[in-house]
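Read through the structure below, which is laid out as structure tokens, and then see the notes.
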Amino acid sequence: MGLKEYIFGFDSEDNAVSFLKKESFDIVCRNYKTKVGEIDIIAKKDDIYHFIEVKATAGNYEALYRITKSKYNKILKAINLYIQKHNIANDFQVDVIIIQKNQIDFIQNVSV
């Protein structure tokens, strides 16, 4: 990944965080990395944890299709590690934020 793509991704995650804050989410963590996967944003609202994958594109293709079953499984493994490490008993869900052409779509409670 080049510098331009890195900056684009970082800016996209910043935009996603701003969106979530406007929607009254508390941001718990960003870029939670484990040996099995990464979670872009961990947020909480109404006592529910939201583990959020951010996908952004400047192109004309559908960013959602870049979340493969393999990627989804890595996210689930990272979530399980986070939950165990932090002794979380709350409900949780996996969400996706798609940023495409300056439009933000928030897709909640996804599965692949």
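The sequence shown begins at 1 in UniProt numbering and counts up by one.
The C-beta atom is built at its ideal place from N, Cα and C for all residues, glycine as well.
These figures come from a predicted structure and were not determined experimentally.
Proximity to residue i [Cα-Cα], best of the options
{"i": "Ile83", "options": "His50, Glu23, Asn102", "result": "His50"}
{"i": "Val94", "options": "His86, Lys101, Ile107", "result": "Ile107"}
{"i": "Lys44", "options": "Asn15, Asp105, Ile75, Val28", "result": "Val28"}
{"i": "Ile39", "options": "Asn102, Ile97, Ile104", "result": "Ile97"}
{"i": "Lys55", "options": "Ile48, Asn109, Gln100, Phe92", "result": "Gln100"}
{"i": "Asn73", "options": "Ser18, Ala16, Val110, Arg30", "result": "Val110"}
{"i": "Lys35", "options": "Ala89, Gln103, Asn80, Phe92", "result": "Asn80"}
{"i": "Phe92", "options": "Asn31, Asp47, Ser12", "result": "Asp47"}
Rounded separation between residue i and residue j - CA only
{"i": "His86", "j": "Leu20", "result": "22 Å"}
{"i": "Lys33", "j": "Ala78", "result": "8 Å"}
{"i": "Ile75", "j": "Gly37", "result": "6 Å"}
{"i": "Gly2", "j": "Asp105", "result": "26 Å"}
{"i": "Val17", "j": "Thr57", "result": "17 Å"}
{"i": "Asn31", "j": "Asn90", "result": "20 Å"}
{"i": "Lys22", "j": "Asn15", "result": "11 Å"}
{"i": "Ile88", "j": "Asp26", "result": "16 Å"}
{"i": "Ser24", "j": "Glu13", "result": "17 Å"}
{"i": "Asp11", "j": "Lys71", "result": "21 Å"}
One or two residues paired with residue i in a DSSP bridge
{"i": "His50", "result": "Ala43, Gln93"}
{"i": "Ala56", "result": "Ile99"}
{"i": "residue 159", "result": "Since the displayed the chain opens at 1 and closes at 112, residue 159 lies outside it and no answer follows."}
{"i": "Ile104", "result": "Ile99"}
{"i": "Lys33", "result": "Glu38"}
Whole-angstrom C-beta distance between residue j and residue i, which should lie under 8 Å
{"i": "Ile52", "j": "Ile41", "result": "4 Å"}
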